[in-house]
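Asks: Below you'll find the structure I mean.
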């Protein structure tokens, strides 16, 4: 009898360990999903159409900063001079045709390849655009949409933009196209403006304005998560571990603490050693 | 949007799924000592087309892009030569006909990439001399890729200079 009780106790302990492990795993998954912008809690708002920060959530409901569907592009500018997206379906992407700042003829297909394509509509003159020109000069920032993403910077054509000014701003490795047609095809109200395209399907998964690169990064994270591009092809373990590690590193880096920082080698409680002597 | 891309006397249809550039590199402003010829020689137009995004920096024969090609990708390069080069026997007269499977071989690449293959032709038309260089992402599955290359090739038009 005592052996049976002992065995039963062992089984109960094992099952308890198993349940705790499953609960912990579940919590880690929920935390990872939450970091990716997915909320599975009861009462959380249902996922609306794919948005890019400022898009409308559904018929009859209009988010602030979004103009009604059908508003002409020229009227989609806020009092602060910021471009406003229009409500309604996001539609599909248009292929691009124009000239490069060097004068080469170029046709760029948007619905090609894997991942996403970010179209950045900029000008050579607007102050807000300067932040993006400078940011896109850094190779890592050109993969803002993920490792398989593609960035195409668009300005208006040579009739409305100075190719020399664009050449001066655009990094040689940056895919830059001068095309007034593209501004019209995508109904861009005013630069800076951004359109995110799902390359395999050619569907626009988000669009909107951002005034700084950091803001664009934040908006993109949400749009990518909404469109299913938020978690690149990594294993669950990589996602769970990678996210935490990145977050900790980023927090330390933001505080100015990197490898070799003096604070990492100091005794956090210097008095403790003295009192022990 | 027009469905043809034009530049430097070359044009082609903008077919879905193709990234295309028609460019002419800038000539050096520095002349060869004792000559009026620019350092590095004269430059001529070149057409690049790929079935995946073309990077900004590419070599004349697609270096910088061909290394990134997948098995389903095609790269087409139409580069102009000095018209006097067209006198050479290696240049055929008239616009080049459609590509055939027998034109391709893995060793016909500028730099051999395992699994891929290339083809090269030289021809003259409208008093201009050209070299056509095509790279396929797969030697074993080249059939449909050749069809795709021919689809674009058939739309290329060359103006008289």
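Protein chains in written order, with the numbering used here: chain A, 179 to 455; chain B, 33 to 193.
Note that beta-carbon positions come from the ideal geometry of N, C-alpha and C, so glycine has one too.
1. Check whether the Cβ of residue 286 of chain A lies closer than 8 Å to any Cβ atom in chain B.
2. Going along the chain, which unbroken runs of the alpha helix (DSSP H) with 4 or more residues stay wholly within the segment 332-371 of chain A?
3. Check whether the segment 281-288 of chain A and the segment 39-55 of chain B touch, using three or more Cβ-Cβ pairs below 8 Å as the test.
4. Give me the Cα-Cα distance between residue 330 of chain A and residue 315 of chain A, rounded to the nearest whole angstrom.
5. In the DSSP assignment, find the alpha helix (DSSP H) that holds residue 183 of chain B and state where it starts and stops.
6. I'd like to know if the segment 113-124 of chain B and the segment 158-165 of chain B are in contact, where contact means that at least 3 CB-CB pairs between them fall below 8 Å.
7. Give the list of continuous beta strand (DSSP E) stretches no shorter than 3 residues that lie fully inside the segment 368-398 of chain A.
8. Within 10 Å of its beta-carbon, does residue 368 of chain A have 16 or more other beta-carbons around it, so buried, or fewer, so exposed?
9. What residues in the segment 40-60 of chain B have a beta carbon less than 7 Å from any beta carbon of chain A?
10. Closer than 8 Å, CB to CB, is residue 88 of chain B near chain A or not?
11. Buried or exposed for residue 385 of chain A, please, with buried defined as at least 16 other CB atoms from any protein chain shown within 10 angstroms of its CB.
12. Rank B/192, B/152 and B/79 by C-alpha distance to the C-alpha of residue 132 of chain B and give the top, closest one.
13. Quick one: does residue 108 of chain B have its CB under 8 Å from some CB of chain A?
14. Are any of the Cβ atoms in chain A nearer than 8 Å to that of residue 184 of chain B?
15. Less than 8 Å separating the beta-carbons of residue 320 of chain A and residue 352 of chain A?
16. Tell me whether residue 439 of chain A sits in a helix, a strand or coil according to DSSP, three-state version.
17. Helix, strand or coil: how does DSSP classify residue 296 of chain A here?
18. Beta strand (DSSP E) containing residue 51 of chain B: first to last residue?
19. Does any C-beta atom of chain A lie closer than 8 Å to the C-beta of residue 84 of chain B?
20. With H, G and I counted as helix, E and B as strand and the rest as coil, what does DSSP make of residue 456 of chain A?
21. Could you check how far apart the C-beta atoms of residue 306 of chain A and residue 332 of chain A are, in whole angstroms? I think they sit under 8 Å.
22. Just checking: is the beta-carbon of residue 353 of chain A within a distance shorter than 8 Å of some beta-carbon in chain B?
23. Using a C-beta cutoff of 8 Å, does residue 180 of chain B count as contacting chain A?
24. Rank A/312, A/366 and A/381 by C-alpha distance to the C-alpha of residue 392 of chain A and give the top, closest one.
25. Is the Cβ of residue 160 of chain B closer than 8 Å to any Cβ of chain A?
26. Please report how far the alpha carbon of residue 292 of chain A lies from the alpha carbon of residue 97 of chain B, in whole angstroms.
27. What span of residues does the beta strand (DSSP E) with residue 80 of chain B cover, start to end?
28. Taking Cβ-Cβ distances shorter than 9 Å, what residues in chain A pair up with residue 38 of chain B?
29. With H, G and I counted as helix, E and B as strand and the rest as coil, what does DSSP make of residue 202 of chain A?
30. Considering only residues of the same chain and omitting the five flanking positions on each side of residue 452 of chain A, which have a CB-CB separation below 8 Å?
Replies: In this structure, then:
1. yes
2. 341-347 and 358-363
3. yes
4. 13 Å
5. 174-185
6. yes
7. 371-376 and 381-386
8. buried
9. 46, 48, 49, 50, 51, 52, 53, 54 and 55
10. yes
11. buried
12. B/152
13. no
14. no
15. yes
16. coil
17. strand
18. 51-56
19. yes
20. Residue 456 of chain A cannot be examined here, being either before or after the span of chain A that is shown, 179 to 455.
21. Their Cβ separation, rounded to whole angstroms, is 15 Å, which puts residue 306 of chain A and residue 332 of chain A out of contact at 8 Å.
22. yes
23. no
24. A/312
25. no
26. 16 Å
27. 77-82
28. 283
29. helix
30. Confidence in residue 452 of chain A is poor, its pLDDT being 42 and thus under 50, which makes the residue's placement unreliable; the coordinate value appears in the next sentence. Excluding sequence neighbours, residue 452 of chain A sits near nothing in its chain.
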